[in-house]
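Trainee: A single structure is presented below for examination.
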Amino acid sequence: GQQLNQSPQSMFIQEGEDVSMNCTSSSIFNTWLWYKQDPGEGPVLLIALYKAGELTSNGRLTAQFGITRKDSFLNISASIPSDVGIYFCAGSDNYGQNFVFGPGTRLSVLP
Amino acid sequence: DGGITQSPKYLFRKEGQNVTLSCEQNLNHDAMYWYRQDPGQGLRLIYYSQIVNDFQKGDIAEGYSVSREKKESFPLTVTSAQKNPTAFYLCASSDRNQPQHFGDGTRLSIL
């Protein structure tokens, strides 16, 4: 079946630093989603992308739908302690009927 | 308050028993989903339902069963045939072909 890869698997950064992570697929997707999961809770939708090349922001978060349609990127600017969590990407090749999820990037923010 | 409610938060099962996890949504979403999350891994789709009285198997349906008798409810039964049921179970719902929104999960453990 389809699989998504996320990198890095985990990262430790200093408070105030910018963060970049990405998600790649071997097949083409037409929808990309980014979620954040706090411990013991369900994922919360951060950003949805629907068009190749699209760049969308949500506060300090910015995500891009890669031109090849096989990847997506998430950037977090000026990280703060509450950014700690697991960030999941999800992709769909049938316009949102079903999504496949990546394994996640675990972010730790050091004070 | 609109949202997705999963209950219970924690559930313990003896070997050989069936257990049912509850998922209720008041978002008037047509589609509902069940995922399984294991430590350090992404979400794997168990079952999904696009409409009342209809549901489809996901990638890991063996040992699980569902029903969709009402639009707002999508209970998941973990049967004794599921040999490794210990996991975090997440329910989600969405409008057709829209991003999924998640509940806060149920953590199932085997005694």
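Protein chains in written order, with the working numbering: chain D, 913 to 1023; chain Y, 27 to 137.
Even glycine gets a Cβ: it sits at the ideal position worked out from N, Cα and C.
Nothing here was measured: the structure is a model prediction, and the numbers come from that model.
State whether the segment 105-122 of chain Y contacts the segment 30-44 of chain Y, with contact taken as three or more CB pairs (one from each stretch) at a distance under 8 Å.
Mentor: Yes, the segment 105-122 of chain Y is in contact with the segment 30-44 of chain Y.
Trainee: Can you pull out the residues from the segment 980-993 of chain D whose beta carbon lies closer than 8 Å to at least one beta carbon of chain Y?
Mentor: Within the segment 980-993 of chain D, no residue qualifies.
Trainee: Can you confirm whether P1015 (chain D), when its beta carbon is compared against all beta carbons of chain Y, has any partner nearer than 8 Å?
Mentor: Counted from its first residue, the first sequence places residue 1015 (chain D) at position 103. By this cut-off, P1015 (chain D) is an interface position.
Trainee: Leaving aside the five residues before and after F114 (chain Y) along the sequence, list all residues of the same chain whose C-beta is less than 6 Å from its C-beta, in chain order.
Mentor: Position 88 of the second sequence, counted from the first residue, corresponds to residue 114 (chain Y). If we look at F114 (chain Y) and ignore the five residues flanking it on each side, its Cβ neighbours are Q63, G131, R133.
Trainee: S922 (chain D) and T1017 (chain D) - do their beta-carbons sit closer together than 8 Å?
Mentor: What you label residue 1017 (chain D) is simply residue 105 of the first sequence in a count that begins at 1. What you label residue 922 (chain D) is simply residue 10 of the first sequence in a count that begins at 1. It is a contact, given that the beta carbons lie within the stated cut-off.
Trainee: Identify which residue in Y:S93, Y:Q67, Y:G129, Y:Y90 has its Cα closest to the Cα of G29 (chain Y).
Mentor: Taking the first residue of the second sequence as position 1, residue 29 (chain Y) is located at position 3. Ranking Y:S93, Y:Q67, Y:G129, Y:Y90 by Cα distance to G29 (chain Y) puts Y:G129 first.
Trainee: When you compare only the Cα positions, how much space is there between Q82 (chain Y) and E50 (chain Y)?
Mentor: Mapped onto the second sequence, residue 82 (chain Y) falls at position 56. Mapped onto the second sequence, residue 50 (chain Y) falls at position 24. About 18 Å.
Trainee: Whose CA, out of Y:L137, Y:Q67, Y:R122, Y:N79, lies closest to the CA of P101 (chain Y)?
Mentor: By 1-based counting over the second sequence, the position of residue 101 (chain Y) is 75. Out of Y:L137, Y:Q67, Y:R122, Y:N79, Y:N79 has the C-alpha closest to the C-alpha of P101 (chain Y).
Trainee: Using beta carbons (cut-off 8 Å, strictly below), is L69 (chain Y) in contact with chain D?
Mentor: Locating residue 69 (chain Y) in the second sequence gives position 43, where the first residue counts as 1. So, interface residue.
Trainee: Is the segment 1006-1021 of chain D touching the segment 92-100 of chain Y, taking contact as three or more C-beta pairs under 8 Å?
Mentor: Counting Cβ pairs under 8 Å, fewer than three are found: no touch.
Trainee: Is I1011 (chain D) close to chain Y? Criterion is C-beta to C-beta, closer than 8 Å.
Mentor: Within the first sequence, numbered from 1, the residue matching residue 1011 (chain D) stands at position 99. The sequence given here has Phe at residue 1011 (chain D), not Ile. Taking Cβ atoms only, chain Y reaches closer than 8 Å to F1011 (chain D), which makes this a yes.
Trainee: In this structure, does DSSP put S989 (chain D) in helix, strand or coil?
Mentor: As a working mapping, residue 989 (chain D) is identified with position 77 in the first sequence. Looking at S989 (chain D) - three-state DSSP - the assignment turns out to be coil, as it is neither helix nor strand.
Trainee: Is S994 (chain D) helix, strand or coil when you go by DSSP?
Mentor: Against the first sequence, residue 994 (chain D) aligns to sequence position 82. If DSSP states are grouped into helix, strand and coil, S994 (chain D) belongs with the helices.
Trainee: Nearest chain D C-beta to L116 (chain Y) closer than 8 Å, yes or no?
Mentor: Walking along the second sequence from the start, residue 116 (chain Y) turns up at place 90. So yes, L116 (chain Y) belongs to the interface.
Trainee: Can you give me, in chain order, the residues of the segment 116-136 of chain Y that have a beta carbon less than 7 Å from any beta carbon in chain D?
Mentor: Listed by position, the residues of the segment 116-136 of chain Y near chain D (Cβ gap below 7 Å) are L116, N123, Q124, P125, Q126, H127, F128, G129, D130, G131.
Trainee: Please decide whether A960 (chain D) counts as near chain Y, where near means a Cβ-Cβ distance under 8 Å.
Mentor: Indexing the first sequence from 1 puts residue 960 (chain D) at position 48. Judged by the 8 Å Cβ criterion, A960 (chain D) is in contact with chain Y.
Trainee: Whose CA, out of D:Y947, D:E966, D:G928, lies closest to the CA of T980 (chain D)?
Mentor: Here the question's residue 980 (chain D) lines up with position 68 in the first sequence. Nearest C-alpha to T980 (chain D): D:E966.
Trainee: Judging by CA-CA distance, which residue of D:G928, D:S969, D:L986 is the nearest neighbour of S919 (chain D)?
Mentor: Position 7 of the first sequence, counted from the start, is the residue given in the question as residue 919 (chain D). When each option's Cα is compared against that of S919 (chain D), the closest is D:L986.
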